[in-house]
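Chains as they are written, first to last, in the numbering used here: chain C, 1 to 204; chain D, 205 to 408.
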């Protein structure tokens, strides 16, 4: 099987017949596309939330501590524990954004930056990606520079404690978990997947 | 340190002074909240995208193959490879939704269901969570029942191939990666985090 090529039998891309702007939602901009389902030939309206790419940072000190940020989140209406991150500004690349967000949100700078790849925020309706960076040798060098929409608290804890907080549910932001999954094993203890033929051998 | 209690010095929740409905975005409903930053005392408008909870399913056959779905996604405008999932209907619990989505999108049913916990979709502006389920003993028993907005292709591949597709970037949906991270180690080969004191020992 050739993964690089789409299978001959689809699924096919949906032709876009029309597109019109929708309301500005501050964190994103709505757009309404008129698309045709290649399976049925019928047209339908689908919303796209046009969103700038995001970045987040797994920042570690030389003592293998991770730099966390606690803040009130407007979507869930609760205080969350996350890694630093934010929106990539116009003309900024993802590394510059990662370095800026780490400094502004936590006052830390770092000596070594390693790109961890990116994920789609939600391909069903967002058009953007979140880029993950690993920052090594993080040190507190600056004052925090929270923007008017932020009220932040910084926590620097052993890296394993962050993983324990994923397990406990305290760290629950999907994009934070994606970043942590690039550098740590987040699978649950005791949740062992069956091996091929395990049933036949009576192992489960 | 007591993780259960919020630190005395905050961050504090932001008082909601007013709230008004915004446009219906099909996949979610916008709401505008007037909130007060406890750090500055200033009020500002913030958008919340009210969204039903979602569910997705890591479904494995007895041969340790995973059931994947390929479909065109309107947000990114490309064909993605994902695990089955969708929106939890009114009056439905997350298990029933997971079982329904697995059946409708892939024609599979499963003999054993294990809850893997949930994540916040994006606490910055979504109010919902995505619930992850592990389905064991998955078997093709039904025809697909795609809704008018879907054109699906099912792939059943060895579980390890799904992990390789995360590594290659073919599987890139953040919520799919969160679900897979509950049952597999997605951290990258060769990306070894520094040990405490490694610098001092000249190990890096």
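A virtual CB, placed ideally from N, CA and C, is assigned to each residue, including glycine. Keep in mind the model is a prediction, meaning the values are calculated, not measured.
- Residues of chain D with a Cβ closer than 8 angstroms to the Cβ of residue 42(C) are, in chain order, 352.
- Within the same chain, Cβ atoms closer than 7 angstroms to the Cβ of residue 48(C) are found at 31, 33, 125, 127, the five residues on either side in sequence being excluded.
- In the pairwise beta carbon analysis, the stretch 52-69 of chain C is classified as touching the stretch 81-90 of chain C: at least three pairs are separated by under 8 angstroms.
- Taking 8 angstroms as the threshold, the shortest C-beta distance from residue 107(C) to chain D does not fall below it.
- Each residue's CA atom was taken as its position, placing residue 259(D) and residue 302(D) some 6 angstroms apart.
- Think of a sphere of 8 angstroms around the beta carbon of residue 153(C): the chain D residues whose beta carbon falls inside it are 211, 213, 214, 215, in chain order.
- Between the beta-carbon of residue 382(D) and that of residue 336(D) there is about 7 angstroms, and that keeps the pair under the 8 angstroms contact cut.
- Per DSSP, residue 310(D) is one residue of the alpha helix (DSSP H) stretching across 298-310.
- Sequence-ordered contacts of the stretch 12-23 of chain C with chain D read 12, 13, 14, 16, 22, 23 [C-beta pairs closer than 9 angstroms].
- With a threshold of 8 angstroms between beta carbons, residue 390(D) makes contact with chain C.
- The secondary-structure analysis by DSSP pairs residue 85(C) across a beta bridge with 56(C).
- DSSP places residue 270(D) inside the beta strand (DSSP E), whose first and last residues are 269-277.
- When the alpha-carbon of residue 72(C) is set against those of 58(C), 121(C), 146(C), the nearest one is in 146(C).
- About 18 angstroms separates the beta carbon of residue 172(C) from that of residue 57(C), a gap too long to meet the 8 angstroms contact definition.
- One finds nothing in chain D with a Cβ atom closer than 9 angstroms to the Cβ of residue 56(C); even the nearest lies about 11 angstroms away.
- In the DSSP assignment, residue 339(D) falls within the beta strand (DSSP E) that extends over 333-340.
- Residue 333(D) is positioned such that its CB atom lies closer than 8 angstroms to that of residue 257(D).
- Looking only at 104(C), 39(C), 100(C), 92(C), the smallest Cα-Cα distance to residue 357(D) is reached by 39(C).
- For residue 330(D), at least one C-beta of chain C is nearer than 8 angstroms to its own C-beta.
- No Cβ of chain D is located within less than 8 angstroms of the beta carbon of residue 83(C).
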